[in-house]
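Residue 97 in my numbering sits at position 57 of the sequence shown, and the numbers go up by one each step.
Beta carbons are placed, not taken as given, at the ideal position from N, Cα and C, and that holds for glycine.
Nothing here was measured: the structure is a model prediction, and the numbers come from that model.
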Amino acid sequence: MESNTDALSPLLSILKEHPRGMSVSDIAAAVGVNRNTVSRYLDVLLVSGQVEMKTYGKAKVFYLSQRIPISAMLNFSSDLVLVLDRDRRVIQANDAVCAFMGVERDNITGKGVEESQFAAFDHPLIQGRITEALNGSEVTEELRFLRHAEELFFRVKFLPTVFNDGAPGVTIVLEDITEGRRAEEALRESEMLFRSLVENISDLILNVDETSAFTYVSPKSQEILGYAPEDMLGKTPCDFMPPEKAEDVREHLATLLADPKQRILLEWTMLHRDGTPTTLEVSGTPIYDMIGNFTGYRVVCRDISDRVRATKRLAQWKSFLYSVVSNIPSMVFVQEVDEGTFVFSNEAAEAFLGMTKEEIAGKQARDLFPPGMVTFFDDGYKEMQDRPAIQEEQVRLPDGRILALKKIPIVNSRGILRYMLGIAEDITSRAAAEDRLVAERDLAQGYLDAAGVMIAVIEADGTINQVNRRGYAILGYTGEDLTGKNWFSTVVPERLRDRLTRNFARLTAGELEPPPYEEGPVITRDGREVQILWYNALLRDTEGKVLAMVSSGEEITSSPRGDAPGLKTGTAPAR
41 MESNTDALSP
51 LLSILKEHPR
61 GMSVSDIAAA
71 VGVNRNTVSR
81 YLDVLLVSGQ
91 VEMKTYGKAK
101 VFYLSQRIPI
111 SAMLNFSSDL
121 VLVLDRDRRV
131 IQANDAVCAF
141 MGVERDNITG
151 KGVEESQFAA
161 FDHPLIQGRI
171 TEALNGSEVT
181 EELRFLRHAE
191 ELFFRVKFLP
201 TVFNDGAPGV
211 TIVLEDITEG
221 RRAEEALRES
231 EMLFRSLVEN
241 ISDLILNVDE
251 TSAFTYVSPK
261 SQEILGYAPE
271 DMLGKTPCDF
281 MPPEKAEDVR
291 EHLATLLADP
301 KQRILLEWTM
311 LHRDGTPTTL
321 EVSGTPIYDM
331 IGNFTGYRVV
341 CRDISDRVRA
351 TKRLAQWKSF
361 LYSVVSNIPS
371 MVFVQEVDEG
381 TFVFSNEAAE
391 AFLGMTKEEI
401 AGKQARDLFP
411 PGMVTFFDDG
421 YKEMQDRPAI
431 QEEQVRLPDG
441 RILALKKIPI
451 VNSRGILRYM
461 LGIAEDITSR
471 AAAEDRLVAE
481 RDLAQGYLDA
491 AGVMIAVIEA
501 DGTINQVNRR
511 GYAILGYTGE
521 DLTGKNWFST
531 VVPERLRDRL
541 TRNFARLTAG
551 ELEPPPYEEG
561 PVITRDGREV
571 QILWYNALLR
581 DTEGKVLAMV
591 SSGEEITSSP
601 RGDAPGLKTG
611 TAPAR
């Protein structure tokens, strides 16, 4: 290679002196070498690119090449360029290679690939590609390298190369495609994420083009509408709607497609494959292509059928409740707490006040009610705010009527008192009836207390319902001490308690009838036994069920009738 270089140098020098070119004969004469040898040397220079040739008729004129030296050209490239000779030694390395490897050019030039910082190239695959290039084949590969734990991707070209002396070599060009690969990977991940999101969210995603036809349908269509995506592609939303709904939607879509809006919010009723109406809440945004042309809408459809049905049921329930509240005989008012004004009243309230609900609305209690009612409705807000509780009160109106008032707090979701529900019921008749009942009860109690014998009412479970004054005197109790207690465990001697309790249970079950009279002892409060002559009667309901037994008894010191038949059965309460 060195001898060839020495022989070629005179030819290059003489051509440099004659920039307009020289023929083979002129060059041979100038350097003193025969024509055939000069011709052979010129072929080498021509192949290596150091000289160029032009033909004029039969004459060939050679002159120095005007090309930029390859070393300078290599440094212009941002790709990593490496030139190897046939022995795989580094002959050339451009600036990009040196910067990437972090070395000086002199530290890698002349070294074998496996001895330099390019040890990664000492791999069977890469060595095989270098061999192919040395044999004249151009090869391209995409390779992955790890550099300082960073993954890098290169598109590598192995190019056959011929040096000045005709010897073969390889030019390796490494194009860094890491960013592109990362972008592709990010795009794939984004697409996978988008696809996973679209396929798994509960909403239906649709793309419609400018003709209203579906160009994309997410798999959720199967669940929401009963159609596979491919069954809907190419069709329009109106193809899946009831005829009475489709026409309005078709006109609305035509308007939106002619004049795109940045965001649309619609409600569609589409038919499920089984014919069931499905209500969809539709949110859409326009789609534009790369050059900004409008191409349609991307819409997100949420199935709100359950919500619509629930809303309808709620509206029906509210209507029902409103009807009930408006027509019940009790007066109903709703008072706003902050201002103290009334915001609702029913028909009974209107009749009571002689005003319409519109006239009542916005007024305060003092504008509507008598003083007693005003005090009830306006007082107690502070206490109810601290501890919400229902308040009740009765008031007597100047005209003698009696009202039962109830005030119920209504709080918001944060527990703050916002409204007061007031209910007023005219209980004048009921109060009069209750007064009559109380009078009749007191009269009956007077009769019982006036009797000269002991009277006791024992319920079916053995509980003492009532004892008259004479009974309290005999037993040594006062007031209501016996009411609600068990007769047998309280006034029956212990030796008779179990037997008489069983017999009383049979009597109340209808298995026995009480005798006309019988004797039996009772225990007084101070522990004494007192003999009583009892007369018993059963109280029954309309179906004949025993509710209680009424027993009247007279204290005796000896049995005036001897052994009465009832004494043997022992059915009296004191037995």
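Just measuring C-alpha positions, the residue of R184, S230, G516 and V590 sitting nearest D216 is R184. By the 16-neighbour rule on beta-carbons within 10 angstroms, N508 is buried. Taking a C-beta distance under 9 angstroms as the contact criterion, F416 and K397 do not qualify as a contact pair. When secondary structure is reduced to three states using DSSP, N247 falls in the strand class. By the Cβ criterion, the stretch 429-446 is not in contact with the stretch 397-407, since fewer than three pairs of Cβ atoms, one from each stretch, lie closer than 8 angstroms. Close CB contacts of D243 within its chain, under the 7 angstroms cut and outside five residues either way in sequence, are with K260, V340, C341 and R342 (chain order). Boundaries of the alpha helix (DSSP H) around Q356: S345 to N367. For the set R539, L445 and F334, the Cα lying nearest the Cα of D299 is the one of F334. Taking N526 as the centre and dropping the five residues before and after it, the same chain places the C-beta of G502 and T503 closer than 7 angstroms to its C-beta, in chain order.
Listed in chain order, the beta strand (DSSP E) runs fully inside the stretch 433-459 are 442-451, counting runs of at least 3 residues. Uninterrupted alpha helix (DSSP H) stretches at least 4 residues long and entirely within the stretch 156-196 occur at 164-174, given in chain order.
Taking the C-beta atoms as reference points, Y337 is found nearer than 9 angstroms to L296.
By the criterion of a C-beta distance shorter than 7 angstroms, D466 is surrounded in its chain by R441 and L443, once the five residues flanking it on both sides are discounted. In the DSSP annotation of this structure, the continuous segment of the beta strand (DSSP E) that includes Q132 starts and ends at V130 to A133.
With distances taken between CA atoms, A500 lies nearest to M589 out of M589, K447 and L246. Under a 10 Å Cβ-count criterion, S65 is classified as exposed, with fewer than 16 other Cβ atoms of the shown protein chains found around its own Cβ. The criterion of a C-beta distance shorter than 9 angstroms is satisfied by S323 and L305. Pairwise C-beta distances place the stretch 554-562 out of contact with the stretch 453-466, as fewer than three of them are shorter than 8 angstroms. Annotation for N505: the continuous beta strand (DSSP E) segment containing it runs I504 to V507. Three or more Cβ pairs drawn from the stretch 359-373 and the stretch 459-475 lie within less than 8 angstroms of each other, which places the two stretches in contact. With a 10 Å radius around the Cβ and a threshold of 16 neighbouring Cβ atoms, S177 comes out exposed.
Pairing I572 with I495 gives a Cβ-Cβ distance that is not under 9 angstroms. Our two residues, A491 and G593, have alpha carbons roughly 11 angstroms apart in a direct line. Per DSSP, reduced to three states, the secondary structure at V257 is strand. Taking the Cα of L445 as reference, the smallest distance to any Cα among P410, R427 and V478 is reached at P410. Under the DSSP assignment, I67 falls outside any beta strand (DSSP E), being part of the alpha helix (DSSP H) whose first and last residues are V64 to V71. If you look at D288, you'll find it in the alpha helix (DSSP H) that goes P283 to A298. Cβ-Cβ distances below 7 angstroms link V289 to P277, C278, M281 and W308 in the same chain, with the five nearest sequence neighbours on each side left out; the list follows chain order. Between the stretch 123-136 and the stretch 200-210 there are three or more inter-stretch CB-CB distances shorter than 8 angstroms, so the stretches are counted as touching. Taking R313 as the centre and dropping the five residues before and after it, the same chain places the C-beta of L265, G266 and Y267 closer than 7 angstroms to its C-beta, in chain order. Within the same chain, and ignoring the five residues on either side of L86 in sequence, the residues whose Cβ sits closer than 7 angstroms to its Cβ are M93.
For R535, the closest C-alpha among the options L552, G560 and Y512 is that of G560. In the structure shown, G220 falls within a helical segment according to DSSP collapsed to helix, strand and coil.
Measuring C-alpha to C-alpha distances from E376 to each of V210, M395, D418 and A391 identifies D418 as the nearest. By a beta-carbon distance limit of 8 angstroms, L120 contacts L214. Their separation comes to about 4 angstroms.
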